[in-house]
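**Q** Residue numbers for the sequence shown follow my numbering, so the first one is 38 and each next one is one higher. For every residue, glycine included, the Cβ atom is placed at its ideal position computed from N, Cα and C.
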Amino acid sequence: MPICAHYRAIVHDLVKSVSGQDLLLGERQALIRARLDLSGRVIAAALAQELGVSEDTIRRDLREMAASGLCRRVYGGALRIAAASTSMNERMAVGGARKAALARRAAGLIPPGATVFLDAGSTNLALARALPAGHGLTVATNAPAIAAALLERDLATIQLGGLIDPRAGAAIGAKAMRDAEALRPDLLVLGVCGIDPEAGVTAESFEEAEFKRFVASRSRAVMVVVTNDKLSTAAPYSVVPLARLAQAVIEGDADETEAAALTAAGIETLRADKVPA
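1) Going by DSSP, name the residue or residues bridged to Tyr274.
2) Check for me: the alpha helix (DSSP H) holding Asp216 runs from which residue to which?
3) Counting along the chain, where does the alpha helix (DSSP H) carrying Gly133 start and finish?
4) For a minimum of 3 consecutive residues, which ranges assigned as the beta strand (DSSP E) are wholly contained in the stretch 67 to 103?
5) If you pair each beta-carbon of the stretch 254 to 270 with each one of the stretch 282 to 295, do three or more pairs fall below 8 angstroms?
6) Please go through the stretch 150 to 238 and give each complete beta strand (DSSP E) segment of 3 or more residues, from N-terminal end onward.
7) Starting from Leu299, trace the beta strand (DSSP E) both ways and give me its first and last residue.
8) In the DSSP assignment, what are the bridge partners of Glu305?
9) Pull up the CB-CB distance for Thr194 and Val176, whole angstroms please, since I reckon it's below 8 angstroms.
10) Given that a residue counts as buried once 16 or more other Cβ atoms are within 10 Å of its Cβ, and exposed if not, what is Lys387?
11) In this structure, does DSSP put Ala115 in helix, strand or coil?
12) Quick one, are the C-beta atoms of Leu139 and Ala309 less than 7 angstroms apart?
13) Of the choices Leu282, Pro313 and Glu288, whose alpha-carbon is the least far from that of Glu305?
14) Spatial neighbours of Gly199 within its chain, please: CB distance less than 6 angstroms, with the 5 preceding and 5 following residues excluded, ordered by chain position.
15) Tell me, which residues are paired with Leu107 by DSSP?
16) Out of Asp98, Ser91, Ser275 and Glu92, state which residue places its alpha-carbon closest to the alpha-carbon of Gln66.
17) Leaving out the 5 sequence neighbours to the left and right, which residues in its chain are closer than 7 angstroms to Leu220 when beta-carbon positions are compared?
18) Starting from the C-beta of Gly173, find all residues in its chain whose C-beta is less than 6 angstroms away, skip the five residues before and the five after it, and write them out in chain order.
19) Sort out for me which residues DSSP pairs Ala253 with in a bridge.
20) When you compare only the Cα positions, how much space is there between Gln58 and Leu68?
21) Hey, Val259 and Ala253 are a contact pair by Cβ (cut 8 angstroms); roughly how many whole angstroms apart?
22) Tell me the residue span of the beta strand (DSSP E) that contains Val261.
23) In whole angstroms, what is the alpha-carbon distance linking Ala5 and Leu164?
24) Measure the beta-carbon distance from Ile118 to Cys108 and round it to whole angstroms, keeping in mind my assumption that it falls under 8 angstroms.
25) Just to confirm my understanding: we take Phe243, look at its own chain, exclude 5 residues before and 5 after, and list those with CB closer than 6 angstroms. What are they?
Encoded structure:
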């Protein structure tokens, strides 16, 4: 999500009004939460220096906050927790114009005649609807809603089978894994629950992460198409490190620092058109 002036004010007022030694535990953790909401990550050493407390104190705060589900610990600090996953139908109803802009930008990057795997996700559903017909594409997916959109575009479509997980909106179990063994996609458009330079691409469920990781291992290249709320966040389960990604398509108003972190990881990072507020 775009950086919020409200959180800037919280951080500024807390640091300006009271020294770190005087901050009570709750106040210190409120500042840490505000920093996480503002920038998506905190560094323990930097916080300790700013607040005039020991790194051990900050690490204890972060451990307590992680145990309460308020952040995700990583080496040297913590990350903002990815938003709780909702059903595919609920996600499809949110941010339609932004996802459509991302989809148009991503569709222009897919070469004619390619074999593509579209992973489950509402942004990838928008991409399926934006793919050009008559482009010679063959597109595989584990998501029925995406398969239906591909057929409407008159594209050659491969639907992986198995039990459909209602939260993922896709087949992610053993049958889907066996079906995926037959595929060697030129490009995987990987669904993202969270993405961060340290945590990499992450997923909400163990089974979903395992499926995504397997398809990535069989794909020549991997792209992500990412809404602002996924940047600098981490879900509980690792999928792939950023080094595995070739391209990232981000929103036109994505934070510059977060975009620069993707570029610094060696990812070709491209912006979609800005969408009026």
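**A** Judging by the given coordinates:
1) According to DSSP, Tyr274 bridges with Ala240.
2) Run containing Asp216: Ala211 to Ala217, per the alpha helix (DSSP H) assignment.
3) Annotation for Gly133: the continuous alpha helix (DSSP H) segment containing it runs Gly133 to Ala144.
4) Counting whole runs of 3 or more residues, the stretch 67 to 103 contains the beta strand (DSSP E) stretches 78 to 80.
5) Flag = yes, the stretch 254 to 270 and the stretch 282 to 295 touch.
6) Taking only runs of at least 3 residues, the beta strand (DSSP E) segments lying wholly in the stretch 150 to 238 are 152 to 155, 175 to 178, 193 to 196, 224 to 227 and 231 to 233.
7) Where Leu299 is concerned, there is no enclosing beta strand (DSSP E), although the alpha helix (DSSP H) around it starts and stops at Glu293 to Ala301.
8) Under DSSP, Glu305 takes part in a beta bridge, and its partners are Gln284.
9) Correct: roughly 6 angstroms between the Cβ atoms.
10) An answer regarding residue 387 cannot be provided, because it is not within the stretch 38 to 314 covered by the chain.
11) Residue state, collapsed to three classes: strand.
12) Yes.
13) Taking only the C-alpha atoms, the option nearest Glu305 is Leu282.
14) In the same chain as Gly199, and ignoring 5 residues on each side of it, the C-beta atoms closer than 6 angstroms to its own belong to Ala208, Gly210, Lys212 and Ala213, in chain order.
15) Residue pairing by DSSP places Leu107 opposite no residue, since no beta bridge is assigned to it.
16) Of the candidates Asp98, Ser91, Ser275 and Glu92, the one whose C-alpha sits nearest the C-alpha of Gln66 is Asp98.
17) If we look at Leu220 and ignore the five residues flanking it on each side, its Cβ neighbours are Phe154, Ala177 and Arg255.
18) Within the same chain, Pro149 and Gly150 come within 6 angstroms of Gly173 by CB-CB distance, once the 5 residues on both sides are set aside.
19) According to DSSP, Ala253 bridges with nothing at all.
20) Only weak support exists for where Gln58 lies, its pLDDT of 46 falling under 50; the value from the coordinates is given anyway. One Cα belongs to Gln58, the other to Leu68, and the distance between them is close to 13 angstroms.
21) Contact flag correct, Cβ pair sits at about 5 angstroms.
22) Here the beta strand (DSSP E) through Val261 covers Ala258 to Val263.
23) The structure shown does not extend to residue 5, since the chain spans only 38 to 314, so no value can be given for it.
24) Sure, about 6 angstroms apart at Cβ, within 8 angstroms.
25) Within its own chain, the residues whose Cβ lies closer than 6 angstroms to the Cβ of Phe243, once the five positions on either side in sequence are excluded, are Tyr274, listed in chain order.
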